[in-house]
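Following: one structure in structure tokens, then a few remarks.
Residue numbers (the working numbering): 218 to 322.
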């Protein structure tokens, strides 16, 4: 089993916020593809992982406007493509809350 690894912050942020920030599936797919084309993703992810994420983005692109019902559909697509652990599980990422303050008070 592969160990956790660092996934580019842009991809992690996108994954955590995209459904709330994007208006439709086309915008979601376009932004994901833009991030996948970045040097960070090209250097961190395998070609197979990038291709799989692009294929997934093509499916999401067909969704239309993002609302409560299509958010559920996108989550179902993610489950079909990447299993119950989702995209971050597929990428063997374990970021938790990297920007959370660790102050003792």
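We put the beta carbon where it would ideally sit given N, CA and C, even for glycine. Just so you know, these numbers come straight off a predicted model, no measurement behind them.
- When the alpha-carbon of residue 225 is set against those of 276, 255, 278 and 244, the nearest one is in 255.
- Around the beta carbon of residue 288, fewer than 16 other beta carbons lie within 10 angstroms, which makes this residue exposed.
- Sorting 238, 264 and 283 by C-alpha distance to the C-alpha of residue 308 places 264 at the top.
- Pairing residue 282 with residue 294 gives a Cβ-Cβ distance that is not under 9 Å.
- In this structure, the beta-carbon distance from residue 304 to residue 230 does not fall below 9 Å.
- Residues of the same chain with their beta carbon placed closer than 7 Å to that of residue 259 are lacking, with the five preceding and five following residues left out of the count.
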